[in-house]
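This report concerns only the one structure given below.
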Amino acid sequence: MAIGPIAVTGSIATDHLMHFPGRFRDHLIAEQLDRLSLSFLVDDLEIRRGGVAANIAFSLGVLGKRPVLVGAVGADFADYRSWLERHGVDCGGVLTVGGAHTPRFTCTTDDDQCQIASFYPGAMAASGSIDLAPILASRGVALVLVGASAPEAMLAHTAQAHRLGVAVAADPSQQLPRLDRDDCRALVEGAAYLFTNEYEWELLVRRTGWSEREITERVGLRITTLGAKGARIMGRDGAEIRVDAVPAREILDPTGVGDAFRAGFLAGVDSGLPVEHAAQLASLIATAVLESVGSQEWRLTARDGEERLSDAYGPASAAAIGPYLRAVLA
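Add 1 to the 1-based position in the sequence shown for this note's numbering, that's all there is to it.
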């Protein structure tokens, strides 16, 4: 079930990733949370390329697709643009805003893989002015993934895609706390795919005021990632598929793992894999990111990928996904 050319809208950012050698929870006092004032001394800093749209587009590019990246950046984007284009990403939908900085994500991760983060939007505030119509038409785009960005851009691009008759993958993720009931409903209604993690799913249910069943009936497929427990995929008819995570050999940084899952899933479906195998491929790519520092630093060979798929899901899954891996990975 091929999807066709994919456009990815959302944030494009620089990630500043730090590690706190301890556990946040050991330093939180429940009775004092209303006066919270903490500074964590970190022992590591990595500056990496990131942003949900750029992360998803990067992995789609590495996986043999030619995604169109749509978002707003500052004048400091030249090197980042070159990196993405070298990895198969079409940056023709990127708007450069003079006098603005490319957005910046700052995140500290503790020993439990819990994270405290902040996001500076910078040029992203202008992303709502990007008109999807000429971008989609010139590239024959068949699916628009609407990722976390300026809320007005997310709503505008969702509405534009629906108006143009192009399928939507809804991925509100980090912006859910900023979206009200009507916004959440507008992003979800009629989506071909709805991506959330487990926490975001519970928050989305509360935000929309719809029941789990009411949301599921409004989308084509609901994909909920469950961290180390894998992923759950629900169809409109109530059919459920559960996929375990590919075990990690080492855990270095969880940043961007969910973005990698989305890219792997859409790449798999677009390449004709059944949904379960597409989710298994997605779990493999997500684990590759978990084992690296930075969302766009993962490396995987076809041979290693097949071995890990066989170990996690059995020889039949490896045999089904293997030809695709051999076609796109060295």
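Don't be surprised by glycine CBs; every beta carbon is placed ideally from N, CA and C.
Under the rule that a run must span 4 or more residues, the alpha helix (DSSP H) segments found entirely inside the region 168-225 read 182-189, 199-209, 213-218. Counting the other CB atoms within 10 Å of its CB gives residue 251 a total below 16, which places it among the exposed residues. Distance from the Cα of residue 148 is smallest, within the candidate group 189, 81, 142, 274, for 189.
Of all C-beta pairs linking the region 10-21 to the region 100-116, three or more are shorter than 8 Å, placing the two stretches in contact.
For the options 213, 208, 192, the alpha carbon positioned closest to that of residue 220 is the one of 192. Residue 47 is bridged by DSSP to 18. A Cβ-Cβ contact shorter than 8 Å links residue 73 with residue 131. By the 16-neighbour rule on beta-carbons within 10 angstroms, residue 92 is buried. Just so you know, the alpha carbons of residue 293 and residue 320 end up roughly 26 Å apart.
In this structure, residue 57 places its C-beta atom within 8 Å of the C-beta atom of residue 260. One alpha carbon belongs to residue 85, the other to residue 59, and they sit about 6 Å apart. If you draw a straight line from the Cα of residue 287 to the Cα of residue 31, it is about 33 Å long. Taking a C-beta distance under 8 Å as the contact criterion, residue 137 and residue 169 do not qualify as a contact pair. Cβ contact annotation for residue 46 (same chain, cutoff 8 Å, sequence separation greater than five): 17, 18, 19, in chain order. Secondary structure at residue 69: strand, using DSSP grouped into helix, strand and coil. The shortest CA-to-CA distance from residue 315 to any of 245, 273, 187 is the one to 245.
Per DSSP, reduced to three states, the secondary structure at residue 120 is strand. A buried status is given to residue 13, since no fewer than 16 other beta-carbon atoms sit within 10 Å of its beta-carbon. DSSP places residue 155 in the uninterrupted alpha helix (DSSP H) bounded by 152-164. The Cβ-Cβ distance between residue 208 and residue 177 falls below 8 Å. Annotation for residue 326: 303, 306, 307 place their beta carbon closer than 7 Å to its own, counting only its chain and skipping 5 residues before and after.
Between residue 54 and residue 129, the alpha-carbon positions lie close to 14 Å from each other. Burial is judged here by how many other beta carbons sit within 10 angstroms of a residue's own beta carbon; residue 115 has fewer than 16 and is exposed. In the DSSP assignment, residue 242 falls within the unbroken beta strand (DSSP E) covering 241-244.
With a beta-carbon spacing of about 7 Å, residue 133 and residue 71 fall inside the 8 Å limit used to define contacts. Judged by DSSP secondary structure, residue 80 falls within the alpha helix (DSSP H) whose first and last residues are 79-87.
For residue 8, the secondary structure class from DSSP, reduced to helix, strand or coil, is strand.
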